[in-house]
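In my numbering, the protein residues as written are 8 to 166.
For every residue, glycine included, the Cβ atom is placed at its ideal position computed from N, Cα and C.
See below for the structure under consideration.
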Amino acid sequence: LDRMSLDSIGSARDNLISYADRYIATLDGLSWAIGNGRSVFAGILAQHMQTGLETKIAEADYHDMVGSYGYIYGWALIIPYVIFFIQSVKQYFRQPSYYNCCLVFICITFLFIGYNAGHCIANVMVAPIYAYAISQIGETRNMINSIPESRQNENIGDI
């Protein structure tokens, strides 16, 4: 009944995230570093939520990764996406274009949605789309590097 009350209207994931935060705060020692695994985290979260489900994830990628795999492994799974975002921003400032702006938008949107709504980092449907966008960063960089330096400041569409 609490899930249907006015207190729960703010965000469907607020309760999940607050339980996940409480669990993450209890991690210590080896569990802090490498976690207890996804099934343990999901089982404890389901037990706290009293949903009748056997397992339940927090549905926010940061909390799911750190809650399941601890800070070291959890961040090891998250950091590549942050690096891809930084690379896309660097590329945009090196060669401003609509295309590079779209790559920055894709990267920041992916991180924002993953942090707030989940289902990005470990999603088998979303990750390939993101991987394609990231592959375009490398492809564009290779294309720019193959252009003579005297022409690198020109608009890519003009070349």
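Check	Outcome
Determine the contact status of leucine 118 and phenylalanine 92, defining contact as a CB-CB distance below 7 Å.	yes
Short check: CB of cysteine 25 to CB of phenylalanine 48, under 7 Å?	Looking at the sequence shown, residue 25 is not cysteine but serine. No.
Among residues of its own chain, excluding the 5 on either side of cysteine 108, which ones have a beta-carbon nearer than 8 Å to its beta-carbon?	Tyr99
Just to confirm the assignment, what range does the alpha helix (DSSP H) spanning alanine 124 have?	Note, alanine 124: premise wrong, no alpha helix (DSSP H); not H, not E.
Alpha carbon to alpha carbon, how far is alanine 124 from glutamate 66?	6 Å
At a cut-off of 6 Å, is proline 87 close to the ligand HEM when judged by its beta-carbon and the heavy atoms of the ligand?	Because no ligand of any kind appears in the structure shown, any question about the ligand HEM cannot be addressed here.
Measure how close the beta-carbons of glycine 121 and isoleucine 128 come, nearest whole angstrom, since I'm counting them as under 8 Å.	5 Å
Can you check the region 77–139 for any alpha helix (DSSP H) of at least 4 residues that lies completely inside it and give the ranges in chain order?	105–123
Is it buried or exposed for leucine 23, if we count other Cβ within 10 angstroms and need 16 for buried?	buried
Should alanine 134 and isoleucine 79 be called a contact, given that it needs their Cβ atoms to be closer than 7 Å?	no
For a test of the three-state rule: what should DSSP assign to leucine 23, helix, strand or coil?	helix
So, valine 96 versus valine 111, is the Cβ gap smaller than 7 Å?	yes
Look at the Cβ atom of glycine 42, then the Cβ atom of glycine 77, and state whether they are nearer than 7 Å.	yes
May I ask you to report which of helix, strand or coil DSSP gives glutamate 66?	coil
Three-state secondary structure (DSSP) at glutamate 146?	helix
Using only alpha-carbon positions, find the residue among Ser38, Thr62, Tyr88, Met56 that is nearest to alanine 138.	Tyr88
Determine the closest residue to glutamate 61 out of Gln94, Ile51, Asp68, His70, with distance taken between C-alpha atoms.	Ile51
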